[in-house]
Amino acid sequence: MPQLNTSTWTLTISLMIISLFCIYQLKMMNQTLIQITPSTEQSKLTKHTLPWEKKWTKIYLPHSSHQQF
Amino acid sequence: MNENLFAPFITPTILGITTLPIIITFPCLILSSPKRWLPNRIQILQMWLIRLITKQMMTMHNKQGRTWTLMLMSLILFIASTNLLGLLPYSFTPTTQLSMNIGMAIPLWAGTVIMGFRNKPKMSLAHFLPQGTPTPLIPMLIIIETISLFIQPLALAVRLTANITAGHLLIHLIGSATLALSSISMTVSTITFSILFLLTLLEIAVAMIQAYVFTLLVSLYLHDNS
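Here it is as structure tokens:
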């Protein structure tokens, strides 16, 4: 079994580490699986409390409401 | 026909210079990363495949386990592309090297185990003893379970090595038998050739299945520990 010859092990393992843990992961970063990882989960939309939200103002008046009569 | 059967598994050299760097880093060129608005057909196929595997493999994990998505997906693509490229004639398969598989298996396994001990030490320690063990058996079982825990990465590495090596050996044997028989009897040679063809199809399947199995087992260890 030439696989058990340990003289090439260091080179094989170090190249595998570079390839698998660096190159492949950098390439996979561009893929769409990013959407599934939780780190890029969309943050919940914060509610904007605006001063005119509670009370009735002209902003809320529908433009065409007077035309119905 | 005096050549060594294991000769294809010796790491190749050209003029005494090892070609391992090219061989191990070459498969990543297959993965194309979309840089334009519209991806081409190969990229769409690749995206579809990656999404399929991701959904298949990562839905069973909780939020902590899903942080490993990038790692596991690059692992399965790395092993699958290396295996499949190794099936080309006159090519060398790095996954037949025990060193590379051990180098892949041990860090990933250790990562899951350390994560388990760090986040859920009670649960991880509870894995050492199945529930409802008779008291006299407890010391024995703990030893057995500890050994089985530490044998996991070795089993992972040896499984991949043995499967790929066995497949390549079989193809080598049947291929040389076909060649030798062709000068004796054409009919028998045709039969062996059809067996060789079917075996090659099997090996293509095995190349992908072994990548899936390796990743699935790492994912299983991750699931136990997250």
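Sequence lines, in order, name chains A and B.
With the first sequence counted from 1, adding 1489 to any position gets you the working numbering.
With the second sequence counted from 1, adding 1007 to any position gets you the working numbering.
Where a beta carbon is used, it is the ideal one built from N, C-alpha and C, also for glycine.
Classify residue i as helix, strand or coil using the three-state DSSP reduction.
i	result
T1061(B)	helix
I1017(B)	coil
T1026(B)	coil
T1495(A)	helix
R1125(B)	helix
T1529(A)	Confidence in T1529(A) is poor, its pLDDT being 49 and thus under 50, which makes the residue's placement too unreliable to answer from.
M1080(B)	helix
N1011(B)	coil
I1502(A)	helix
Using the Cα positions of residue i and residue j, report the straight-line distance between them to the nearest angstrom.
i	j	result
G1123(B)	R1166(B)	24 Å
Q1520(A)	Q1053(B)	9 Å
K1070(B)	I1017(B)	43 Å
T1207(B)	G1174(B)	9 Å
T1529(A)	M1517(A)	In this prediction, T1529(A) scores a pLDDT of 49, lower than 50, which makes its location untrustworthy; no coordinate-derived value is stated.
L1161(B)	L1186(B)	37 Å
E1210(B)	T1222(B)	18 Å
T1100(B)	P1019(B)	10 Å
G1139(B)	N1232(B)	21 Å
V1195(B)	L1205(B)	15 Å
I1507(A)	I1191(B)	49 Å
M1008(B)	P1034(B)	With a pLDDT of only 48 at M1008(B), under 50, the local geometry of the prediction cannot be trusted, and no value is derived from it.
E1152(B)	S1081(B)	30 Å
With distances taken Cα to Cα, identify the nearest neighbour of residue i among the options.
i	options	result
A1014(B)	T1103(B), M1067(B), S1201(B)	T1103(B)
Q1217(B)	N1108(B), I1198(B), L1176(B), P1046(B)	N1108(B)
L988(B)	L1229(B), L1203(B), G1182(B), I1171(B)	The displayed coordinates of chain B run from 1008 to 1233. Any statement about residue 988(B) would go beyond what the structure contains.
I1037(B)	Q1050(B), P1028(B), I1198(B)	Q1050(B)
In chain A, what lies closer than 8 Å to residue i by C-beta?
i	result
P1041(B)	N1519
For the ligand GDP, is there a heavy atom less than 7 Å away from the beta-carbon of residue i?
i	result
S1039(B)	Judged by which ligands are present, the structure shown has none, so any question about the ligand GDP falls away.
**Interface positions of the segment 1102–1124 of chain B facing chain A (Cβ-Cβ less than 7 Å), listed along the chain** = Flagged, chain order: T1103, Q1104, L1105, S1106, M1107, G1110, M1111.
**Item:** Residues within the segment 1009–1034 of chain B neighbouring chain A, beta-carbon criterion of under 7 Å
**Value:** Here the close residues are F1013, F1016, I1017, T1018, T1025, L1027, P1028, I1031, T1032.
**Message:** Residues of the segment 1061–1077 of chain B in Cβ contact with chain A at a cutoff of 7 Å, in chain order, please.
**Reply:** Against chain A - using a Cβ distance shorter than 7 Å - the residues of the segment 1061–1077 of chain B are T1061, M1065, K1070, R1073, T1074, T1076, L1077.
**Item:** Selection of the segment 1157–1168 of chain B by Cβ proximity to chain A, strictly under 8 Å
**Value:** Here the close residues are T1168.
**Request:** Could you list the residues in the segment 1080–1096 of chain B with a C-beta less than 7 Å from some C-beta on chain A, going in chain order?
**Result:** From the segment 1080–1096 of chain B, only M1080, S1081, L1082, L1084, F1085 have a Cβ closer than 7 Å to chain A.
**Asked** For the segment 1212–1223 of chain B, which residues have a CB atom closer than 9 Å to at least one CB atom of chain A, in sequence order?
**Response** Within the segment 1212–1223 of chain B, no residue has a Cβ that lies closer than 9 Å to any Cβ of chain A.
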